[in-house]
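K.L.:
For the sequence shown, the numbering used here gives the first residue as 35, with consecutive numbering after it.
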Amino acid sequence: DVAFLDVLPIRKDDFQDNKFRPIYEAVLNKLKSDEKLLPANDGSHISANQAFLAGVKDLIGLLNSKQLSLLFGKQDCQWLNSNITQDKTPELRKYLIEEIKIQDITPERFANQFIEEFIKEQDDKWIIIFYIFLKGRRGLWGKSYYNAPLRNKPFIRLEKDIHVVPFNSSGTPQAYLPGNSNSAFPTVKKVIADDKEVREFLKELGLTEPDLIAEVIEFVLPKYQNGMCQ
């Protein structure tokens with residue numbers, strides 16, 4: 035378990051040039067092997083190649099084993115035990131990252147790894163959890179943040195499960211909030227946008243309900259101008 039790992043000879047500075055160095059190396063090589071020796075968050079054990087550390091605990095609730103595997107292109111990926119944290123076990127966490135080479139997944143790393151093929155595989159319930167996860171994390175999508183990783187990625191789900199970036203290069207919205215009536219503008223899938231926290235996030239993102247006048251100008255008047263309406 036985590037407590038056992040924390041008392042192993044894992045502190046490199048204690049084994050620089052002395053007769054106990056081989057013990058340190060033996061433990062390191064054992065933990066880096068394909069044997070399932072590391073405690074996963076679900077109570078099982080995994081190899082170092084399968085393991086990921088969560089930069090924040092919310093990521094553990096957001097991404098399951100299948101989703102981790104899809105994002106990072108490995109089979110049977112899992113989170114390490116959530117008690118391995120910077121506060122509780124700083125030296126163990128440092129050892130796992132620097133010596134065992136286990137990846138530390140932060141919200142930023144997840145957002146950079148995010149691709150459209152991934153979100154297409156997720157159901158509406160997960161999208162709701164995802165948007166709530168993003169709420170308050172402006173660094174991932176905020177306009178004022180330089181290179182916010184999600185700003186130009188298709189993470190907004192429309193009706194018919196189409197995914198778009200929230201704004202185009204000129205800042206024009208590519209999606210709107212659903213209102214009380216149907217709109218010709220592309221709107222966020224209603225079953226998702228109806229969640230109170232999700233709607234708050236979408237408003238923070240900058241999405242609004244379609245403007246009726248703009249809709250007439252965009253979709254109705256061109257029909258008259260083209261002689262399509264009598």
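Quick reminder that beta carbons are idealized off the backbone N, C-alpha and C, glycines included.
With C-beta atoms as the reference, is Leu114 less than 7 Å away from Ala85?
P.N.:
It is a contact, given that the beta carbons lie within the stated cut-off.
K.L.:
Cα-Cα, which of Asp245, Asn216, Lys230, Val232 is closest to Pro207?
P.N.:
Residue Asp245 is the option with its Cα nearest to Pro207.
K.L.:
How many Å lie between Lys66 and Lys135 at the Cα?
P.N.:
Each residue's alpha carbon lies about 8 Å from the other.
K.L.:
Taking 7 Å as the threshold (C-beta atoms), are Ile149 and Arg191 in contact?
P.N.:
For Arg191 and Ile149, no; Cβs fall outside 7 Å.
K.L.:
Please report the distance separating the alpha-carbon of Thr123 from that of Ala37.
P.N.:
If you take the alpha carbons of Thr123 and Ala37, they lie about 9 Å apart.
K.L.:
Does DSSP classify Arg191 as helix, strand or coil?
P.N.:
Strand.
K.L.:
Run through DSSP, which three-state label would Val198 get?
P.N.:
Residue state, collapsed to three classes: strand.
K.L.:
Suppose you measure from the CA of Gln147 to the CA of Leu105; what does that come to, to the nearest Å?
P.N.:
Rounded to the nearest angstrom, the two C-alpha atoms are 7 Å apart.
K.L.:
Work out the CA separation of Asn63 and Glu69 for me, nearest whole Å.
P.N.:
Computed Cα separation, rounded: 11 Å.
K.L.:
Report all residues from its chain with a CB closer than 8 Å to the CB of Lys224; omit the five preceding and five following residues, and keep chain order.
P.N.:
So the qualifying residues of the chain are Glu193, Pro212.
K.L.:
What separation, rounded to the nearest whole angstrom, lies between the Cα atoms of Ile166 and Pro73?
P.N.:
Taking the straight line joining both Cα atoms gives about 28 Å.
K.L.:
Could you compute how far the alpha carbon of Gly173 sits from the alpha carbon of Cys111?
P.N.:
Gly173 and Cys111: Cα-Cα distance of roughly 27 Å.
K.L.:
Classify Trp160 as helix, strand or coil using the three-state DSSP reduction.
P.N.:
The answer is helix: DSSP assigns Trp160 an H, G or I state.
K.L.:
Assuming Pro220 and Val198 are in contact, meaning their beta carbons sit under 8 Å apart, how far apart are those beta carbons, in whole angstroms?
P.N.:
With 8 Å as the limit, Pro220 and Val198 qualify as a contact, their Cβ atoms being about 7 Å apart.
K.L.:
Please go through the same chain and pick out, in chain order, the residues whose beta-carbon is closer than 7 Å to the beta-carbon of Asn96, but skip the five residues on each side of it.
P.N.:
The question names Asn, but residue 96 in the sequence shown is Leu. Around Leu96: Ile163, Phe164, Phe167.
K.L.:
How about Ile94 and Ala88: are their beta carbons less than 7 Å apart?
P.N.:
Closer than 7 Å, so yes.
K.L.:
When you compare each of Thr242, Leu184, Ser204 to Arg143 by their alpha carbons, which one comes out closest?
P.N.:
Of Thr242, Leu184, Ser204, the residue nearest in Cα terms is Leu184.
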